[in-house]
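Here the numbering used here is used: the first residue of the sequence shown is 787, the next is one more, and so on. Below is one structure, written out as structure tokens, with a few remarks after it.
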Amino acid sequence: MKNFSVVILAAGAGKRMKSSLPKVMHELSGKPLLKWVIDSVSVLRPDNLVLVLGWRAEFVGDFLAGSDSGDIKVVYQKEQLGSGHALMQAWEILRDYRGDILVLNADVPLIKSSTLLSLIENNRRTGASATVLVARTDNPFGYGRVIIKNGSCLEKIVEEKDATTVEKRIKEINSGVYCFDKNLWRALLKLKPDNVREEYYITDTIAVLRELGKKVSSVVVEDSCEVKGINTRIELSEVERMLKEKKIKELLDDGVTIIDTDNVYISYDAKIGIDSIIYPGVFIGIGVSIGKNCIIKGSSYIRNSRIGDASTILYSYVEDVVVNEKVKIGPFSHIRQNSVLKKNVKVGNFSEVKESVVSENSKIGHLSYIGDSQVGEGVNIGAGTITCNYDGIVKHETVIGSRSFIGSNVNLVAPVRIGESVFVAAGSTITHDVPSGKLAIGRVRQEIKKKSGDTKNSP
């Protein structure tokens, strides 16, 4: 959809969060609140996306610099003088723009792209200068009340702290999401700080537009959860729980077994195949795909990873990796970034794999570390094996050929290449390449000597 721009208001201090971070940088299901909103509006491909920052803007700037959020124009509200004043900061970018302007807050993370689209379409269809997204709720406390006269005419919006006792009983609330036409700037210039906090409220633009003879419309959101704002850590926790419960119900309906739904965490975007079993204590973070017939047990943590069918993870930490079919991990293993475990791999307890590819049917014994390595097919890596990959300055690669047997307590000092069908004796320290088909022994010969003062068996 074209001929519209977006302004996201993210300048507030968020004092009720009681945090050194800007409110919009607090994470919901592994993603900052601001990113939720950016993702929703970006789908609609606006002509301009303007972000208004204020308190501790450097934190948000650092996040944007390292994200894939696209072309965002940033302006700053240097003084905290209200939402209307914050919106006015976008004038320097949009003053000559003639399309519609969608305005929303960065602390309303669950707003859907389809809802935003309906707001823009309504503004155009009705010829309104402003369309307000309205929600109905049994508990309107804390929200601005929408004053409607004659059944359908939106007259004004009154903030909670400025509302009368009668107005506070109104169940229709302002979501903080608006669509304006080019008359927005004219209305903003007429705002006055005539309120308890002596601030310029964006909500007052509605009454101003009415006074100017302009039409104001509204759209009622079907699910009020979409416009639930987050101002406190309690509200953040409530929305987190709501997302988790929704995802768990979806997974149960799709054929996933979750033993104790109250004692797991599953991110909103998780994908889990049928007949997989999720045991109590599991944490499944953002960016996880788990196949069919998997078992995830104990206090396992999985994030940003793909787990193949019929795999088992026991009490282990798995992040930024690819795990293929019929893999067994753990208990108490750590599979780290950029690792690939291919079909039928086994990683024993208290072992770690990092930046490595482990090929089919290979086994890594307990208490081993495999880092920056390429492991062939059918390799047996004994307990206590270490790839010594770091020389204090850079990391080096270890290559282990297919069908090789690495005995227990072996040190492979990288860079080093072990050929195919090699046997490395237990307790060896290997510092040079080993050709295929050879036996490698790299240990000091055992000697038995008399202890000082030992007269036993003396001549």
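All C-beta atoms in this analysis are idealised placements derived from N, C-alpha and C, irrespective of residue type, glycine included. The structure presented is a predicted model; accordingly, all values stated were derived computationally and were not measured.
Can you name, in chain order, every residue of its own chain whose Cβ lies under 6 Å from the Cβ of residue i, other than the five neighbours on each side?
i	result
LYS1149	LYS1132 and ASN1166
LEU1037	ILE1058
THR1043	ILE1063
HIS1120	TYR1103 and GLU1138
GLY1041	ILE1060
VAL1108	ARG1092 and VAL1126
TYR1155	GLU1138 and ILE1172
ALA1211	GLY1193 and ILE1227
PRO979	GLU985 and TYR986
Please identify the residue among the options whose C-alpha is closest to the C-alpha of residue i.
i	options	result
SER828	LEU1153, SER791, LEU795 and VAL1210	SER791
GLY1071	GLY816, ARG802 and LYS1235	GLY816
SER1222	SER1188, PRO818 and LEU998	SER1188
VAL838	LEU820, LYS947 and ILE934	LEU820
HIS1152	GLN1160, GLU1138, ILE1076 and LEU1198	GLU1138
ILE858	SER900, LEU896, HIS871 and LEU795	LEU795
SER915	VAL1104, ASP886 and ARG1092	ASP886
GLY1157	ASN1175, ALA843, ARG1019 and ALA799	ASN1175
TYR883	SER1003, LYS788 and VAL1068	LYS788
ASN1017	VAL846, SER1085 and PHE927	PHE927
GLU1141	SER826, LEU1127, GLY1084 and ASN1147	LEU1127
ARG922	ILE933, ARG1203 and PHE845	ILE933
ASN969	ASN981, ILE943, LYS954 and ILE992	ILE992
VAL918	LYS942, LEU975 and GLY856	LYS942
TRP841	VAL952, TYR862, VAL1068 and LEU1022	TYR862
GLY913	THR950, PHE966, VAL1143 and LYS957	PHE966
ALA797	PRO832, ALA1211 and GLY847	GLY847
Using DSSP bridges, identify the partner residues of residue i.
i	result
ASP886	PHE790
SER1004	VAL918
THR1217	DSSP, once it has assigned bridges, lists no residue as partnering THR1217.
ASN1197	ILE1172 and THR1215
HIS1120	TYR1103 and GLU1138
SER1075	LYS1057 and ARG1092
PHE753	Because residue 753 is not part of the residues shown, which for the chain are 787 to 1245, the question remains open.
PRO818	GLU813
THR1043	ILE1063
GLY1157	LYS1140
GLU958	ARG922
ASN1166	LYS1149 and PHE1191
THR1184	SER1159 and VAL1202
Taking the beta carbon of residue i as the centre, do at least 16 other beta carbons fall within 10 Å, making it buried, or is it exposed?
i	result
SER869	buried
THR1184	buried
ILE1234	exposed
ASN1049	exposed
LYS864	exposed
GLN875	buried
HIS871	buried
LYS1032	exposed
ALA1056	buried
ASP924	exposed
LYS947	exposed
SER1091	buried
GLY1116	buried
SER853	exposed
SER731	Within the shown structure, residues of the chain are numbered from 787 to 1245, placing residue 731 beyond reach of any answer.
ASN1130	buried
ALA851	exposed
ASP990	buried
ALA799	exposed
Hey, would you say residue i sits closer than 8 Å to residue j, going by beta carbons?
i	j	result
TYR986	LEU867	yes
ILE1064	ILE1045	yes
ASP893	VAL1013	no
GLY1228	SER1214	yes
VAL860	VAL920	no
ILE1099	LYS1078	no
ILE897	GLY930	no
ASN891	SER1003	no
VAL1113	SER1097	yes
ASP1219	VAL1202	yes
VAL1068	SER1053	no
PHE845	LEU807	yes
LEU995	ALA973	yes
VAL1143	GLN1160	yes
Going by beta carbon distance, what residues of the same chain come within less than 8 Å of residue i, once the five residues before and after it are set aside?
i	result
SER1207	GLY1187, SER1188, ARG1189, SER1190, SER1222 and GLY1223
PHE1209	SER1190, PHE1191, GLY1193, LYS1224, LEU1225 and ALA1226
VAL836	SER791, VAL792, VAL793, ILE794, ILE858, LYS859, VAL860, VAL861, ALA876, ILE879 and LEU880
By Cβ distance below 7 Å, which residues in the same chain neighbour residue i in space, the five residues on each side in sequence not counted?
i	result
LEU830	MET787, SER899, LEU902 and LEU903
MET803	LYS809, HIS812, THR1018 and ARG1019
MET1028	CYS1011
GLY1094	GLY1077, VAL1109, ASN1110, GLU1111 and VAL1113
ALA843	TYR862
Hey, is residue i close to the ligand COA, as in C-beta under 7 Å from one of its heavy atoms?
i	result
LYS1235	Among the ligands in the structure shown, none appear at all, so the ligand COA cannot be discussed.
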